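Scroll down for the structure; my scribbles are underneath it.
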Amino acid sequence: MGDDLQSRRAVIASVGAGGLTLALTACGGGTETAQTGGAPESGAPQSNAPQAGGALAKTADIPVGGGTIFKDQKVVVTQPTSGQFKAFSAVCTHNGCTVGSVSDGVIVCPCHNSRFAIADGAVTDGPADKPLPEQQIKVEGDQITLA
């Protein structure tokens, strides 16, 4: 029992010295890492904004009444009605998880089941209380690209 107490004291002492890293496991089974006290390891600021000019998909790849999530670009493209394409950040406004699916007219975050409308990104069911930010896309012919 004395060893356990010493180990806890050592952990508490090292936490007090800085460099605490927490691993959080969300309801969706994914693991996200949060680091406190400092800049990202690369030293460069990180951005959730997708890169402009990147080709995403063909219009035929986005289902009417649904959408497709592009995890690498952190964007979700939807087609609420035939020929109408919208794009939103794929980062949930509740806790920063990446949304996981699009079906039945809603974008669903797997972490805490927040739901967003495919037409405007509005919250349809919480715990999120802010809409998904709209992203700019360009539709030319049958190509969808980030603007």
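Note that our numbering has the sequence shown beginning at 227, numbered continuously upward. We put the CB at the ideal spot given by N, CA and C, even for glycine. None of these values were measured; they are calculated from a predicted model.
Helix, strand or coil at D287 [DSSP, three-state]
If DSSP states are grouped into helix, strand and coil, D287 belongs with the helices.
If the criterion is Cβ atoms closer than 8 Å, does the pair V303 and A313 meet it?
yes
Is the distance from the Cβ of I370 to the Cβ of A283 below 8 Å?
Annotated as proximal: I370 and A283, with beta-carbon spacing under 8 Å.
Whole angstroms is fine: what's the gap from T307's alpha carbon to C335's?
22 Å
DSSP on D351, reduced to helix/strand/coil?
strand
Proximity below 8 Å, CB of V332 to CB of T319
no
Can you name the start and end residues of the beta strand (DSSP E) that T371 belongs to?
Per DSSP, T371 belongs to the beta strand (DSSP E) from Q369 to L372.
Does the Cβ-Cβ distance between G293 and V328 come in under 8 Å?
yes
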